[in-house]
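**Q** Each residue of the sequence shown is one higher than the one before, counting from 8 in our numbering. For reference, the structure I am asking about is given below.
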Amino acid sequence: MTVLSDEQWSLWEENGYIVVPEVVPEPLLQAVVATIEDFLGKDLANPEDWYQEPMYLGGIINMNHHQTLWDTRQYPRLHEAFSAIFGSEKLRVSVDRTCMNPPSAPQWDYEGMIHWDMDSTVRPVPGGVQGVLCLSDTAADQGGFQCVPGFHKRLQEWAEMQPADRPPMHPDTAQMELVHVPAKAGDLIIWHRALPHGNSRNDTNRPRLCQYITMSPAPEEHQPVAMPLARTRRAVVADALGLPEGLVEGWLRGQRDADRVLVRGDRVEVYDPVPKLSRIELGNQVKYLHNNWGQIVDGQTVEAIREHAARYELPVDSRAEGSVENIRRAMGAIPAPRRPARLTGAQLSRLPDLLAAGPTGEGPEGPLWDEDSAAELMVREFGLELDVREAELTSLGRKLAGVDAW
């Protein structure tokens, strides 16, 4: 079956994006939605649940390893769509996340952020594509995909007219024409990586639900990888605590968010063309940091989350004031069980003291808890069964995951 028609090919070449209809059937879509509900501990049919914790920036949910997500990743027609774009069946699939972007409300006013998921200053302009699978019908104003059509063909020309030290991943969109792309449940949107894009403000009365999936050419020389997991240590920890996995992810993330450092520069200021960015001058270099990851303290200082300072190679001067105490609080901020827990009441009551010591006994000044160290603690102290589980992959899925060679 031909996946892309001549008209679709023409639209792809002109606009740099395409909506491929009816790629994944409804039962697989509903299974992913049910997994999202279980991960979040929310009934998405109940509007009161939409804004309860856990909440995620932009609605992007940090869940990657679940069987239902692999069932869509390895679905043959989805592979056919990417194969048509690349002209080859020999592809690797991404292990990416999902999204639940609820309607705008006083407690949730996300406007979206146009960006690239690449360094747009690299020459030649990087190739490759990205993709998103719609799990439900998504109207143009429902917080879904938006982009600047055709920009992949004029990125280099545009860049030559911009400041040499512009942000490499966040364009000034003042002169750009954004298009909001509607799609139906089961449709796959594929776009060229060079298109500025993002999700958007949801002005409807329904959440936007999707799964991010992309593919890229498999390496010519096969280096086998381990079978991916459908049930990870984080899920084991969640069951031990009687919590939705998303709340455990939020607890672990809260520790990292509390670990803040001071970054000193020659000059620090808001970048006016993209006000959500801080511009940091460091000698003959200029770096940018999104205000979700750090805030300006004064004209030479930014307080940043440590992991994002490292990600953007920002020089750390010292730990931010109050960081140690904030980490201490975050370590002990495990929510009360919402489901039957595998640990006993006595074991749960011991946890706060065990967690306060940190993974290495150094408390909040040492390493932070992650899913591995938390699981190992519960195995060591309580004899918890570490019942992780591999994903069930088809022959195609094993190749897409990199387990088997093409």
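For every residue, glycine included, the Cβ atom is placed at its ideal position computed from N, Cα and C. A quick note: this is a predicted structure, and the numbers were derived from the prediction, not measured.
1. Are the beta-carbon atoms of ARG130 and PRO251 separated by less than 8 angstroms?
2. Taking C-alpha atoms, which residue in ALA353, MET385 and LEU47 lies nearest to LEU362?
3. Taking DSSP as the reference, what is the three-state secondary structure of GLN163?
4. Taking C-alpha atoms, which residue in VAL410, PRO359 and GLU372 lies nearest to GLU388?
5. In whole angstroms, give me the CA-to-CA distance for TRP300 and GLU383.
6. Among the candidates HIS229, GLN81 and ALA192, whose CA atom is the shortest distance from the CA of LEU400?
7. For LEU11 and GLU378, what's the separation of their Cα atoms in angstroms?
8. Going by the CB atoms, is the gap between ARG267 and SER330 shorter than 8 angstroms?
9. Select from SER111, TRP198, ARG238 and ARG274 the residue whose C-alpha is nearest the C-alpha of TRP57.
10. Do the region 160-172 and the region 90-103 meet, that is, are 3 or more Cβ pairs less than 8 angstroms apart?
11. ASN71 to ASP103, Cα distance in whole Å?
12. Rounded to whole angstroms, what's the CA-CA distance from MET8 to SER143? Just pull it up for me.
13. Indicate the three-state DSSP secondary structure (helix, strand or coil) for ALA190 in the structure shown.
14. Please return the same chain residues whose Cβ sits closer than 7 angstroms to the Cβ of LYS294, not counting the five positions on each side in sequence.
15. Does the Cβ of VAL277 have 16 or more other Cβ atoms within 10 Å, making it buried, or fewer, making it exposed?
16. Looking only at its chain, what residues have a beta carbon closer than 8 angstroms to the beta carbon of VAL232, apart from the 5 residues adjacent to it on each side?
17. Which runs of the beta strand (DSSP E), 3 residues or longer, sit entirely within the region 284-347?
18. Compare the beta carbon distance of GLY150 and ASN206 with 8 angstroms and say whether it is the shorter of the two.
19. Considering only residues of the same chain and omitting the five flanking positions on each side of SER5, which have a CB-CB separation below 6 angstroms?
20. Using the Cα positions of ASP272 and VAL132, report the straight-line distance between them to the nearest angstrom.
21. Taking the Cβ atom as the reference point for each residue, do LEU135 and ARG200 lie within a distance shorter than 8 angstroms?
22. According to DSSP, is GLN59 part of a helix, a strand, or is it coil?
23. Does ALA146 come out as helix, strand or coil in the three-state DSSP assignment?
24. Mind checking THR42: buried by the 16 CB within 10 Å criterion, or exposed?
25. To which residues of the same chain is ASP78 closer than 6 angstroms at the C-beta, ignoring the five residues directly before and after it?
26. Beta carbon of LEU254, beta carbon of GLY48: below 8 angstroms?
27. How close, in whole Å, do the beta carbons of PRO371 and ILE334 come, if the pair is a contact with beta carbons under 8 angstroms?
28. If you reduce the DSSP assignment to three classes, tell me which class ARG387 lands in.
29. Which of the three DSSP states is assigned to VAL132 in this structure?
30. By the DSSP assignment, the beta strand (DSSP E) with ILE197 in it spans what residues?
31. Can you find the residues in the same chain that come closer than 7 angstroms, C-beta to C-beta, to PRO28, ignoring five residues on each side of it along the sequence?
32. Under a three-way DSSP split, which group does ILE92 fall into?
33. Under the three-state reduction of DSSP, which class applies to THR75: helix, strand or coil?
34. Are the CB atoms of VAL395 and VAL243 within a distance shorter than 8 angstroms?
**A** This is what the structure holds:
1. Going by beta carbons, ARG130 and PRO251 fall outside the 8 angstroms limit.
2. Of ALA353, MET385 and LEU47, the residue nearest in Cα terms is MET385.
3. DSSP places GLN163 within a helical segment (H, G or I) once states are collapsed to three.
4. Taking only the C-alpha atoms, the option nearest GLU388 is PRO359.
5. Rounded to the nearest angstrom, the two C-alpha atoms are 29 angstroms apart.
6. Comparing Cα positions, the closest option is GLN81.
7. Computed Cα separation, rounded: 42 angstroms.
8. Their beta carbons are under 8 angstroms apart, which means SER330 touches ARG267 by this criterion.
9. The option with the nearest alpha carbon to TRP57 is SER111.
10. With the cut-off at 8 angstroms, the region 160-172 and the region 90-103 do not touch.
11. Taking the Cα positions, ASN71 is about 6 angstroms away from ASP103.
12. Per-residue confidence for MET8 stands at a pLDDT of 46, beneath the threshold of 50, marking its modelled position as unreliable; the derived number appears in the next sentence. Going from the Cα of MET8 to the Cα of SER143 covers about 24 angstroms.
13. Collapsing the DSSP output to three states places ALA190 in a strand.
14. Cβ neighbours of LYS294 within its own chain (closer than 7 angstroms, five residues either side excluded): ILE287, TYR319 and LEU321.
15. Exposed, by the Cβ-count rule.
16. For VAL232, where only same-chain residues beyond five positions count, the Cβ hits under 8 angstroms are ALA408, GLY409 and VAL410.
17. With a minimum length of 3 residues, the continuous beta strand (DSSP E) runs that stay inside the region 284-347 are 284-289, 292-297, 301-305, 308-312 and 323-326.
18. With contacts defined as CB atoms closer than 8 angstroms, GLY150 and ASN206 qualify as a contacting pair.
19. Nothing can be reported for residue 5: it is not among the residues displayed for the chain, which extend from 8 to 413.
20. In the sequence under discussion, the amino acid at residue 272 is Gly, which differs from the Asp named in the question. The straight-line gap separating the alpha-carbon atoms of GLY272 and VAL132 is approximately 30 angstroms.
21. The question names Leu, but residue 135 in the sequence shown is Gly. Contact: yes.
22. Reduced to three states, the DSSP call for GLN59 is coil.
23. ALA146: coil per DSSP, three-state reduction.
24. Buried.
25. So the qualifying residues of the chain are LEU35.
26. Cβ distance < 8 angstroms, so LEU254 and GLY48 count as in contact.
27. Right, the Cβ-Cβ distance comes to about 4 angstroms (below 8 angstroms), so this counts as a contact.
28. In the structure shown, ARG387 sits in a helix (DSSP, three-state: H, G or I).
29. Residue state, collapsed to three classes: coil.
30. Its beta strand (DSSP E) spans residues 195-199.
31. The residues LYS191 and ASP194, in chain order, have a CB closer than 7 angstroms to that of PRO28 in the same chain once the five nearest residues on each side in sequence are set aside.
32. When secondary structure is reduced to three states using DSSP, ILE92 falls in the helix class.
33. Reduced to three states, the DSSP call for THR75 is helix.
34. Their beta carbons are under 8 angstroms apart, which means VAL243 touches VAL395 by this criterion.
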